[in-house]
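*Asks:*
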Amino acid sequence: MVLHNKINREELKAQLMAETFNRKTISFYRYFYLNEPKEFRDSIYKDWFDLDCLGRIYVAREGVNAQMSVPEHHYDAFIKTLGKYEIFQNIPIKYAVEDDGKSFFKLTIKVRPKLVADGLADGAFDVTNVGKHLSGIEFHETLKDPDTVVVDMRNLYESEIGRFENAICPEADTFKEELEIVVDLLEDKKDEKVLLYCTGGIRCEKASAYLKHHGFNDVNQLHGGVLEYVRQIKSVGLESKFLGKNFVFDERMAEDVNGQILASCHQCGTPFDTHKNCENDPCHLLFIQCPKCAEQYDDCCSSECQEEAHIRKTDPASSLLPPRQPKKYRKSMVMALREKEKVS
Ligand SMILES: [Zn+2]
Ligand SMILES: [Zn+2]
Numbered sequence: 511m512v513l514h515n516k517i518n519r520e521e522l523k524a525q526l527m528a529e530t531f532n533r534k535t536i537s538f539y540r541y542f543y544l545n546e547p548k549e550f551r552d553s554i555y556k557d558w559f560d561l562d563c564l565g566r567i568y569v570a571r572e573g574v575n576a577q578m579s580v581p582e583h584h585y586d587a588f589i590k591t592l593g594k595y596e597i598f599q600n601i602p603i604k605y606a607v608e609d610d611g612k613s614f615f616k617l618t619i620k621v622r623p624k625l626v627a628d629g630l631a632d633g634a635f636d637v638t639n640v641g642k643h644l645s646g647i648e649f650h651e652t653l654k655d656p657d658t659v660v661v662d663m664r665n666l667y668e669s670e671i672g673r674f675e676n677a678i679c680p681e682a683d684t685f686k687e688e689l690e691i692v693v694d695l696l697e698d699k700k701d702e703k704v705l706l707y708c709t710g711g712i713r714c715e716k717a718s719a720y721l722k723h724h725g726f727n728d729v730n731q732l733h734g735g736v737l738e739y740v741r742q743i744k745s746v747g748l749e750s751k752f753l754g755k756n757f758v759f760d761e762r763m764a765e766d767v768n769g770q771i772l773a774s775c776h777q778c779g780t781p782f783d784t785h786k787n788c789e790n791d792p793c794h795l796l797f798i799q800c801p802k803c804a805e806q807y808d809d810c811c812s813s814e815c816q817e818e819a820h821i822r823k824t825d826p827a828s829s830l831l832p833p834r835q836p837k838k839y840r841k842s843m844v845m846a847l848r849e850k851e852k853v854s
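Okay, here's the thing in structure tokens:
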């Protein structure tokens, strides 16, 4: 089976490379109530398959999130298909900047329970009543106002290595936690100007609606997220107010924004900001480790893991060791380091 998939993928890739036309890489998302996500999915699949569109699209009862590539000669026809559906009326489309149009090999449209997991029941709040969208430049200008409250809607492992100056960065491991913490933290700020940001904008789209549901009156969000902010300020030569690195969800793990190192090795506290996963497979903890500690601990998060990894590698009977649940990001490690910094 694996072999079959592999060949298939290679074939798809060869097909894509052999194409004689150009493709546009685009993305868009919107929260919107869909009663029949499955039917909707089948309908757009047919429309877009017929136009040789490729990409990865998620459909849920709460909306659509799409990243795709569209043949240039079918682009007008593609835009026409959007016109058929209420959810896509006047939807803002983002175009990839550095684009060779070869980002996707096939068209995948999946139905999911949610676009962004929030742990809340469907209909717990109106996901379509979102905050005001600010462009990267507008966000940059608004940050200068000292009376705004800036909130990082990402998890701690993301904000730890990069964030906007003076942003509130909740100590959350998941988006669900994040929502709860933010509403608590900002209890007495319901009439102040709140600025939200995340990586690509989709988490803020939901978070802004959640805050409005909780009585916040002036909720604003960075449209297109940090990715778009960085692109916009670079294009006009402004100095970034986002410091450090932007965590991204591909092999690169992060994009350097302004060269500052905001984080420290979780083991020794040396300034360092590259994440890795613990080398002991059953642990797989995501953490920050400097090269010196990497050598000392054989790329493991702790001496226990180092020992266990060693046994697994050298002792054939180790396959009998009970499997472990992978650990979550170790918030306590970060907190312990911050405490240490405060004391010293
Ligand atoms: Zn270290
Ligand atoms: Zn470990």
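If you read the sequence shown in the numbering used here, its first letter stands for residue 511, the second for the next number, and so on. Cβ coordinates follow ideal geometry from the N, Cα and C atoms, glycine included.
(1) So, with DSSP's three-state summary, where would you put V512?
(2) Please output, in chain order, the residues near ligand 2 using a CB cut-off of less than 6 Å to any non-hydrogen atom of the ligand.
(3) The beta strand (DSSP E) spanning I798 covers which residue range?
(4) Please classify G747 as buried or exposed, where buried requires at least 16 neighbouring CB atoms within 10 angstroms.
(5) Determine whether the Cβ of T658 lies closer than 8 Å to any Cβ atom of chain B.
(6) Once you ignore the five residues that flank A677 on each side, which residues in its own chain have a CB closer than 6 Å to its CB?
(7) Residues in its own chain within less than 7 Å of K722 by CB, not counting five upstream and five downstream?
(8) Given a threshold of 16 other Cβ atoms within 10 Å of its Cβ, counted over all protein chains shown, does A827 qualify as buried or as exposed?
(9) Answer yes or no: do K755 and V767 have a C-beta to C-beta separation smaller than 8 Å?
(10) For the alpha helix (DSSP H) holding A634, just list the boundary residues, first then last.
(11) Curious, which full-length beta strand (DSSP E) runs of at least 3 residues does the stretch 568 to 624 contain?
(12) Where do the N-terminal and C-terminal ends of the beta strand (DSSP E) with A764 fall, by residue?
(13) Under 7 Å from any heavy atom of ligand 1, does the C-beta of C714 make it?
(14) With a CB to CB cut of under 7 Å and the five nearest residues on each side skipped, what residues in its chain are close to D783?
(15) Express the C-alpha separation of V580 and N518 in angstroms, rounding to a whole number.
(16) Does the beta-carbon of K624, which I'm using as the reference point, lie nearer than 7 Å to any heavy atom of ligand 1?
(17) What does the Cβ neighbour count give for S813, buried or exposed, with the cut at 16 atoms within 10 Å?
(18) Which word fits K716, buried or exposed, when buried means at least 16 other C-beta atoms lie within 10 angstroms of its C-beta?
*Replies:* Per the coordinate set shown:
(1) Below a pLDDT of 50, predicted positions are generally treated as unreliable, and V512, at 43, falls in that range; the measurement from the model is reported next regardless. Helix at V512.
(2) Taking every residue with its beta carbon within less than 6 Å of a heavy atom belonging to ligand 2 gives, in chain order, C788, N790, C793, L795, C810, C811, S812 and C815.
(3) Judged by DSSP secondary structure, I798 falls within the beta strand (DSSP E) whose first and last residues are L796 to I798.
(4) exposed
(5) Considering every chain present, this structure includes no chain B. It has just one protein chain.
(6) V660 and D662
(7) N639, G641 and V729
(8) exposed
(9) yes
(10) First-last for A634: undefined, no H or E at that position.
(11) Counting only runs of 3 or more, we get 573 to 581 and 617 to 621.
(12) A764 to D766
(13) no
(14) I671, G754, K755, I771, L772, A773 and I798
(15) Counting only the Cα atoms, V580 lies some 21 Å from N518.
(16) no
(17) With fewer than 16 Cβ atoms within 10 Å of its Cβ, S813 is classed as exposed.
(18) buried
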